[in-house]
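Numbering (our numbering), first residue to last: 816 to 1174.
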């Protein structure tokens, strides 16, 4: 089992990664010593994993009531938040209590944000069950829900007390969710680590086949990269924006599709746009486009996406959380494995490239 520490002043925590990592849950709970536990999950994940988690905790002397919500991005809104907070209140979760998020990015964001605002902040523990959540959303403390017009626009920075990523949970994932998760994995290689990008190219068959022995060091490396960035810039005042590589257009596609587009597929399109914008702005050579397209294609990305209106995508881009006065600070490639934050791009160039990629 791999262990990655997210280094933060007074709030450092561990990410445990490996097949069977969930067996460490009772020991983690003993260390945290909560006065009460409440678990939030989705109905599809609960079918496979809620009972094992509850039994594990109950056997260790910790009753664990469960709230099941509907799967999908639509749950991550005000109604879902209200339901989650009502559950925490009904379970009498106090300031020494613990909220457990069991599921993918939607559940991690929803439960994490509910923990952030309940009693002005209670602890939460992430049990990610999707590849996307393991390498990205469960680590780093970003919690949020969606507004009717934009993704993750209502949120807070609220670090988990711990993250336990049991790779065995990936074996119950629908194939499309596995593919979507590799969008975030590829992001780390393309924007932060050339060696990881090469590994992803060399081990495509083993990784897409969910060979857990091959997958563990890749997931761990993604978490290490994120931990380094978060440790240096917890609240995204500068360098942490690199983690949004591909997300400006990716989030815009999700919003323009009514959140029907899978996150990993949407940000893969965003990375294709970013590569072309980097070349257009003469930040990088044209081979970045070739490598990006080749790597994503090897993992079945971007793959099928809902048809979206290009005008709606461009309008959603201006609502990007990194925008100021409607002007986006883009994250664009300098070369394979290195991206630059805060790049300004003329509107006409953005419009041309987005139309080229999405048209």
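Heads up, the beta-carbon is just placed ideally off N, CA and C, and yes, glycines get one too.
Just so you know, these numbers come straight off a predicted model, no measurement behind them.
- Message: How far does the alpha helix (DSSP H) with residue 939 in it extend, from its first residue to its last?
- Response: Residue 939 sits at position 124 when you count from the first residue of the chain shown. That residue, residue 939, is in no alpha helix (DSSP H); its beta strand (DSSP E) goes 938–943.
- Query: Nearest-angstrom Cα distance between residue 1039 and residue 832?
  - Reply: As a first step, residue 1039 must be located in the chain shown, where it is residue number 224. As a first step, residue 832 must be located in the chain shown, where it is residue number 17. Between residue 1039 and residue 832, the C-alpha separation is close to 11 Å.
- Separation of residue 1032 from residue 879, as counted between CA atoms: One-based indexing of the chain shown puts residue 879 at position 64. One-based indexing of the chain shown puts residue 1032 at position 217. Inter-residue distance for residue 879 and residue 1032 is about 32 Å (C-alpha atoms, whole angstroms).
- Does the pairing of the region 1097–1105 with the region 1064–1083 give three or more beta-carbon distances under 8 Å? The region 1064–1083 and the region 1097–1105 do not touch, with fewer than three beta-carbon pairs separated by less than 8 Å.
- If we ignore side chains and look at the alpha-carbon of each, how far apart do residue 1065 and residue 1075 end up? Here residue 1065 refers to the residue found at position 250 when the chain shown is read from its first residue. Here residue 1075 refers to the residue found at position 260 when the chain shown is read from its first residue. Taking the straight line from one Cα to the other gives about 12 Å.
- Query: Pick from 895, 939, 926: whose alpha carbon is nearest that of residue 849?
  - Reply: Here residue 849 corresponds to residue number 34 of the chain shown, with the count starting at 1. The shortest C-alpha separation from residue 849 is found at 939.
- Query: Unbroken alpha helix (DSSP H) runs of length 4 or more, entirely within the region 889–966: which are they?
  - Reply: 893–905, 920–932
- Are the region 994–1014 and the region 968–980 touching, with three or more C-beta to C-beta distances below 8 Å? Put simply, the region 994–1014 does not touch the region 968–980. Fewer than three CB pairs are less than 8 Å apart.
- Item | N- and C-terminal bounds of the alpha helix (DSSP H) containing residue 1093 | Along the chain shown, read from residue 1 onward, the residue named residue 1093 stands at position 278. Note, residue 1093: alpha helix (DSSP H), 1078–1095.
- Query: Which residue or residues does DSSP assign as beta-bridge partners of residue 864?
  - Reply: The residue given as residue 864 occupies position 49 in the chain shown. In DSSP, residue 864 forms no bridge with anything.
- Message: Which residue marks the beginning of the beta strand (DSSP E) containing residue 1154, and which one marks its end?
- Response: The residue you call residue 1154 lines up with position 339 of the chain shown. Residues 1153–1158.
- Going straight from the alpha carbon of residue 972 to that of residue 1046, what length do you get? Numbered from 1 along the chain shown, position 157 holds the residue referred to as residue 972. Numbered from 1 along the chain shown, position 231 holds the residue referred to as residue 1046. C-alpha separation (whole angstroms): 13 Å.
- Query: Any idea what DSSP makes of residue 845, helix, strand or coil?
  - Reply: Sequence index remark: in the chain shown, residue 845 carries index 30 (1-based). Secondary structure at residue 845: helix, using DSSP grouped into helix, strand and coil.
- Whole-number beta carbon distance between residue 953 and residue 923, since they are thought to touch under 8 Å: As a working note, residue 923 is residue 108 in the chain shown. As a working note, residue 953 is residue 138 in the chain shown. Yes, residue 923 and residue 953 are in contact; Cβ-Cβ is about 5 Å, under 8 Å.
- Item | Ordered list of alpha helix (DSSP H) runs contained in the region 1049–1074, each at least 4 residues | 1062–1071
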